[in-house]
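Take the sequence shown: its letters are residues -23 to -1, 1 to 222, numbered as in mature numbering (1 follows the signal peptide of the UniProt record, and there is no 0).
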Amino acid sequence: MHNFGTLFLWVLASCNLWVGSLAEDLQTGSILPQGVEAKLEDQHQQAQAKLEDQHQTLQTNLGVYQAKLNESLLAVQTRLETQFQAALSKVENQLQAMSNKMDELERAVKVRVPDLVGNTIPHGFEQIGTRYFHVANERVDWATARIRCYEMGGFLATFQNEDEFSTITAKLPRWQGYWLGINRDTNGHFVSVASHKPVQFLKWHKADPNDENHLINCALLHQGEMWDHNCSTRWNFICQAGNET
Ligand SMILES: *[C@@H]1O[C@H](CO)[C@@H](O)[C@H](O)[C@H]1NC(C)=O
Ligand SMILES: *[C@@H]1O[C@H](CO)[C@@H](O)[C@H](O)[C@H]1NC(C)=O
């Protein structure tokens, strides 16, 4: 009983001592042995360094990714710009082509209109009455005059009627002579060299035609009348547009 009481007291005292020491330890901030604490501190620092290291690595990687992202963005931008430029120049080329084509069409129209007109009205021919004529002041024989009219796109002239004849002769000096497209054929008939038909309108000088031998076969307009004349002589001439007469 005595021993038990002693033990109890000892245990109680020991507990008090330990609690006191614990309180003291809490006050000084250290509940661990010296060595353990230093080791923990060391590990803590290592962990922190490691974290900082990883943070640094992450940041470096982030920089690399950003640079790569910038690079690909730049590449995309460049590609888009290139495609845009290509599309733009394609459109510009198409516009230019269209513009060229329109110029071409415009020129073609400009060229074609006089050409169409030229099919019936050769250059330098003027309207006299209802038809177009050209009075050539160039003295040549009858055969040459006929060729000259062809070259101009017409024919040596004949007349449809008195009206046309007098309208033209009123414009000509009376003393001049002009070859007409009237020629005697092998049957002795005067035909139009343009239409190869009998001449529609004739107004012979009172004595003409007077060549019984049919050696003088060309018609000359002189002083408002027609004369049969030597085809080799040289006179001015009149051309007509079209060969209907
Ligand atoms: C990425 O581009 C942005 C904006 O253009 C710029 O501010 C940044 O510095 C660039 N980053 C890198 C890593 O090149
Ligand atoms: C026509 O004139 C030419 C040249 O002046 C002449 O040689 C020819 O004999 C004439 N013909 C006639 C039928 O008079």
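Glycine included, every Cβ here is placed at the ideal spot set by N, Cα and C.
Which residues in the same chain have their Cβ closer than 6 Å to the Cβ of residue i, if we skip the five residues on either side of it in sequence?
| i | result |
| --- | --- |
| Cys126 | Phe132, Leu133 and Cys216 |
| Gln73 | none |
| Phe214 | Ala113, Ala122, Tyr155 and Trp156 |
| Glu141 | Gly106 |
| Ser209 | Asp118 |
| Val68 | none |
Report the partner residues of residue i according to the DSSP bridge assignment.
| i | result |
| --- | --- |
| Tyr127 | DSSP output for Tyr127 lists no bridge partner at all. |
| Gln217 | Phe110 and Phe132 |
| Pro175 | Val168 |
| Leu197 | Trp156 and Trp204 |
Who are the near neighbours of residue i in its chain, counting only those whose CB is closer than 7 Å to its CB and skipping five residues on each side?
| i | result |
| --- | --- |
| His32 | none |
| Val168 | Asn160, Asp162, Lys174, Pro175 and Val176 |
| Glu221 | Ser172 |
| Lys180 | Phe142, Glu202 and Met203 |
| Trp139 | A quick correction: the sequence has Glu, not Trp, at residue 139. Phe178. |
| Val170 | Arg123, Phe132, Leu133, Gly158 and Asn160 |
| Met(-23) | For Met(-23), the pLDDT reaches just 49, beneath the cut-off of 50, and the residue's location in the model is therefore unreliable, leaving the point undetermined. |
| Tyr186 | Here residue 186 is Pro; the residue named in the question, Tyr, does not match the sequence. Contacts found: Asp205. |
Tell whether a beta-carbon distance below 8 Å holds between residue i and residue j.
| i | j | result |
| --- | --- | --- |
| His111 | Gly154 | no |
| Gln104 | Gln137 | no |
| Leu192 | His206 | no |
| Ile124 | Tyr109 | no |
| Gly158 | Thr135 | yes |
| Ser152 | His182 | Here the sequence assigns Trp to residue 152, which means Ser is not the residue at that position. No, they are not a contact pair. |
| Gly219 | Thr146 | no |
Within 7 Å: the Cβ of residue i and any heavy atom of ligand 4?
| i | result |
| --- | --- |
| Trp204 | Summarising the ligand content, the structure contains ligand 1 and ligand 2 and does not contain ligand 4. |
Within the same chain, show all residues whose beta-carbon is closer than 8 Å to that of residue i, passing over the 5 residues directly before and after it, in chain order.
| i | result |
| --- | --- |
| His100 | Met129 and Gly130 |
| Gly165 | His191 |
| Leu93 | Residue placement at Leu93 is flagged as unreliable, the pLDDT there being 45, under the threshold of 50; a coordinate-derived value is accordingly withheld. |
| Arg116 | Arg211, Trp212 and Asn213 |
| residue 223 | A query on residue 223 cannot be resolved here, the shown segment of the chain reaching from -23 to 222 and no further. |
| Asn194 | Asn160, Arg161, Asp188, Asp205 and Cys208 |
Go through the region 95 to 170 residue by residue and report every complete run of the beta strand (DSSP E) that reaches 3 residues or more, in order. Entirely contained in the region 95 to 170, the beta strand (DSSP E) runs reaching 3 residues are, in chain order, 103 to 105, 108 to 117, 154 to 161 and 167 to 169.
By C-beta, the residues closer than 5 Å to any heavy atom of ligand 2, given in chain order: Leu192, Asn207 and Ser209
Would you list, in sequence order, the uninterrupted alpha helix (DSSP H) runs of no fewer than 4 residues that lie entirely inside the region 24 to 92? none
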